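One structure below.
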Amino acid sequence: MNNFFSKRRSVLARKMSTKEIPDEHLEKILEAGIRVPDHGALNPWKIKVITGDKLKYIDENIILDEYKKINPHANAAQLEIESRRLQRASIILAVLYTPVDHPKIPEWEMTLSSGAVCMNLLSCAQSLGYAAQWLTEWYAYNDKVIEYFGGRLGIDKISGFIYLGHKTEEPNERRRPEPNKVISYL
Ligand SMILES: Cc1cc2nc3c(=O)[nH]c(=O)nc-3n(C[C@H](O)[C@H](O)[C@H](O)COP(=O)(O)O)c2cc1C
1060 MNNFFSKRRS
1070 VLARKMSTKE
1080 IPDEHLEKIL
1090 EAGIRVPDHG
1100 ALNPWKIKVI
1110 TGDKLKYIDE
1120 NIILDEYKKI
1130 NPHANAAQLE
1140 IESRRLQRAS
1150 IILAVLYTPV
1160 DHPKIPEWEM
1170 TLSSGAVCMN
1180 LLSCAQSLGY
1190 AAQWLTEWYA
1200 YNDKVIEYFG
1210 GRLGIDKISG
1220 FIYLGHKTEE
1230 PNERRRPEPN
1240 KVISYL
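According to the working numbering, numbering within the sequence shown proceeds without interruption in unit steps and concludes at 1245.
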């Protein structure tokens, strides 16, 4: 294992810069990112790539609208945050979990594969030196947002938004699990 996985670290969305990411790098991230274990090759997840004006469009027309509906007394500062959520990134990869009925493969395994694709997209972007963070925040659980991405209400879910941008500084290390608390040898 190279040093990348020992040092890999996410960069907070609010600390990213939104300079452009070249298409060839995005393609690499997507191509390598979807190479994940998937029992039965069911592809129980779909990736929606959000770039350019679409970030602003979704912020202003979906996320902000929904926030206002749920929080009718929100103040100006809160509305400002909600009107720019996705615009913290250069590109967002929304991972939609789309389980299928299968006679043998349990849905749990499809869920795991969906998490794996999030983690892999994150690592692929970070391995190219990009700032990246896996977020859900409140809007991943909002029906209008799920529908906007083509999700079936009550079935599909958003596994995560993979925020991609550029680093403005190296991130500090965060608290990591103590190996002896999470790992044991039988
Ligand atoms: C499914 C999932 C959802 C997450 N949602 C959020 C979130 O909404 N807000 C947040 O601050 N962090 C969230 N995180 C945590 C961030 O990804 C955080 O940056 C991460 O723990 C950093 O880990 P790393 O440095 O090992 O990549 C989420 C993590 C996962 C796995």
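Note that the Cβ used here is the ideal one computed from N, Cα and C, for glycine as well.
Computed from a predicted model, the values in this text were never measured in an experiment.
{"Item": "Does the region 1093-1106 come close enough to the region 1075-1085 that 3 or more CB-CB pairs lie under 8 Å?", "Value": "no"}
{"Item": "Which residues have a Cβ closer than 6 Å to any heavy atom of ligand 1, listed in chain order?", "Value": "1068, 1069, 1192, 1193, 1194, 1195, 1196, 1219, 1233"}
{"Item": "Give me the residue from 1158, 1130, 1144 with the minimum Cα distance to residue 1211.", "Value": "1158"}
{"Item": "Starting from the C-beta of residue 1181, find all residues in its chain whose C-beta is less than 6 Å away, skip the five residues before and the five after it, and write them out in chain order.", "Value": "1191, 1193, 1221"}
{"Item": "Where does residue 1099 sit, in a helix, a strand or coil, going by DSSP?", "Value": "helix"}
{"Item": "According to the Cβ coordinates, are residue 1199 and residue 1214 closer than 9 Å?", "Value": "no"}
{"Item": "Could you check whether the region 1086-1104 touches the region 1165-1180, counting it as contact only if at least three pairs of C-beta atoms, one from each stretch, sit closer than 8 Å?", "Value": "yes"}
{"Item": "Between the alpha carbons of residue 1091 and residue 1129, how many angstroms are there, rounded?", "Value": "38 Å"}
{"Item": "Taking DSSP as the reference, what is the three-state secondary structure of residue 1159?", "Value": "coil"}
{"Item": "Would DSSP call residue 1243 helix, strand or coil?", "Value": "coil"}
{"Item": "Tell me the residue span of the beta strand (DSSP E) that contains residue 1188.", "Value": "Premise fails: residue 1188 is in no beta strand (DSSP E) and is neither H nor E."}
{"Item": "Quick check: residue 1151 and residue 1099, are their CB atoms within less than 9 Å of each other?", "Value": "no"}
{"Item": "Just to confirm the assignment, what range does the alpha helix (DSSP H) spanning residue 1317 have?", "Value": "Because the chain is modelled from 1060 through 1245, residue 1317 falls outside the range shown and cannot be assessed."}
{"Item": "Would you call residue 1114 buried or exposed, if buried means 16 or more other Cβ atoms sit within 10 Å of its Cβ?", "Value": "buried"}
{"Item": "Report back the beta-carbon spacing between residue 1230 and residue 1095 to the nearest angstrom; my notes put them in contact at under 8 Å.", "Value": "Rounded, the Cβ-Cβ distance is 24 Å, inconsistent with contact."}
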